[in-house]
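Data first, discussion second: the structure below is written as structure tokens.
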Amino acid sequence: MFRIFKWFLPVFFGLLLLFILELILQKTNVPNYIIPLPSQVIDVLLSDWETILQNSYTTLTEWLIGIILAILLGLFLSICSFNSKLFHSIISPLLIISQSIPYLVFTPILMIWFGLGIAPKVILVVLTCSFPISLVLQNDLLEAKKEYHLVVEMLYIKPVNAFIHIYLPYALPGFFNALKISVSYSFGSAALAELMGSESGLGVYLLRSQATYRTDKMIAAVLIIVIISITSTSLVSLIRKKVVFWKTAKH
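Per the numbering used here, residue 3 is the first one in the sequence shown, and the count goes up by one each step.
In structure tokens form, the structure reads like this:
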């Protein structure tokens, strides 16, 4: 009952705010191209759903491929760093520096190198997500190694078994936290990259709507981006609870 109330309360207040905004905009006669009525945005979502769905599919495909590759690259860099002190000493400073780089600035260059297709957006998502994941994961793996290496040596546990059954489970909570943060903004990054050049996608839908002063369509596209970002973050949290069950049990 408490969980239902927990979700109902913010939804109720959100709908109430939209209702109040609708009344205010109707009374003040603000031009629709500046601030559209919430009902107009809903009408766009219902009437233009097929176009929005097609563009969402493009952006979602770019994002999913990018996230999968980012996870694989992050795991690869973390495992290499975990097993090689030389590799760790080389890659660790680069990963730290990478956190201060706004990767969206590379989008025009990626467009020149790879064209207007899916590749530049996938690469951007990989760059945005893989390094935070790798940085957190490798730090947690090395911390686990420091904490449990004596136990591993005393029990004569093989390195592979120690990694799978001790070090990796220790690092999984941090990995999912990094993944949760990454997916929360990476979908928006993919859509923003489409603004600079693409054949389809939510970014293109936004750009075309802006050109025709259809603010209602722009807000509808932004709403879809927000919904997908929130849904993906919630999905990662759900997977974390199922996979890292021992942490959930403690709480």
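Each residue gets a CB set at the ideal place from its N, CA and C atoms; glycine is no exception. Keep in mind it's a predicted model, so treat the numbers as computed, not measured.
Nearest-angstrom Cα separation, counted from residue j out to residue i
{"i": "L19", "j": "V185", "result": "28 Å"}
{"i": "N57", "j": "T63", "result": "10 Å"}
{"i": "V124", "j": "H167", "result": "32 Å"}
{"i": "E24", "j": "T53", "result": "25 Å"}
{"i": "L11", "j": "M198", "result": "39 Å"}
{"i": "S191", "j": "I67", "result": "14 Å"}
{"i": "L237", "j": "N141", "result": "24 Å"}
{"i": "V245", "j": "L47", "result": "35 Å"}
{"i": "M113", "j": "I22", "result": "43 Å"}
{"i": "L39", "j": "I120", "result": "34 Å"}
{"i": "N85", "j": "T61", "result": "36 Å"}
{"i": "Y187", "j": "L157", "result": "43 Å"}
{"i": "S80", "j": "P95", "result": "13 Å"}
{"i": "I44", "j": "I69", "result": "30 Å"}
{"i": "V154", "j": "P175", "result": "21 Å"}
{"i": "H151", "j": "I159", "result": "10 Å"}
{"i": "S239", "j": "I230", "result": "14 Å"}
{"i": "N31", "j": "L17", "result": "21 Å"}
Integer-rounded CB distance, given that residue j should sit under 8 Å from residue i
{"i": "Q42", "j": "D218", "result": "4 Å"}
{"i": "E201", "j": "L126", "result": "Contact doesn't hold; Cβ gap of about 16 Å is too wide."}
{"i": "F133", "j": "S83", "result": "With a Cβ gap of about 12 Å, F133 and S83 do not count as contacting."}
{"i": "I232", "j": "A193", "result": "14 Å between Cβ atoms; not a contact."}
{"i": "F189", "j": "S234", "result": "6 Å"}
{"i": "P122", "j": "F116", "result": "5 Å"}
{"i": "A173", "j": "L139", "result": "6 Å"}
{"i": "G76", "j": "I135", "result": "3 Å"}
Under the three-state DSSP convention, the category residue i falls into
{"i": "K160", "result": "coil"}
{"i": "T214", "result": "coil"}
{"i": "S86", "result": "coil"}
{"i": "G119", "result": "coil"}
{"i": "L39", "result": "coil"}
{"i": "Q101", "result": "coil"}
{"i": "E52", "result": "helix"}
{"i": "G199", "result": "coil"}
{"i": "N179", "result": "helix"}
{"i": "P33", "result": "coil"}
{"i": "V246", "result": "coil"}
Residues of its chain near residue i, where Cβ-Cβ distance is below 8 Å and the 5 sequence neighbours each way are ignored
{"i": "Q212", "result": "M220"}
{"i": "I37", "result": "L27 and T217"}
{"i": "I241", "result": "F178"}
6 Å Cβ shell around residue i - same chain, five flanking residues per side excluded
{"i": "L137", "result": "L97"}
{"i": "A72", "result": "V128, C131 and S132"}
{"i": "Y207", "result": "N57 and A223"}
{"i": "A195", "result": "T109, K123 and L126"}
Near the ligand ADP: residue i beta-carbon under 8 Å from a heavy atom
{"i": "T63", "result": "In the structure shown, the ligand ADP is absent, as is every other ligand, since no ligand is present at all."}
9 Å Cβ cutoff, residue i in contact with chain E
{"i": "L74", "result": "Annotation note: the requested chain E is absent from the structure, which comprises a single protein chain."}
Same chain, Cβ closer than 7 Å to residue i, five either side skipped, listed in chain order
{"i": "L143", "result": "S80, F84, Y169 and A173"}
{"i": "L88", "result": "none"}
message: Using 8 Å as the cut-off, can you tell me whether the segment 128-145 makes contact with the segment 172-188, which would need three or more C-beta pairs spanning the two stretches below that distance?
response: Yes, the segment 128-145 touches the segment 172-188.
- prompt: Is the segment 168-178 touching the segment 135-150 in the sense that three or more CB pairs, one from each, lie closer than 8 Å?
  reply: Contact between the segment 135-150 and the segment 168-178 is present: 3 or more CB-CB pairs across the two stretches fall below 8 Å.
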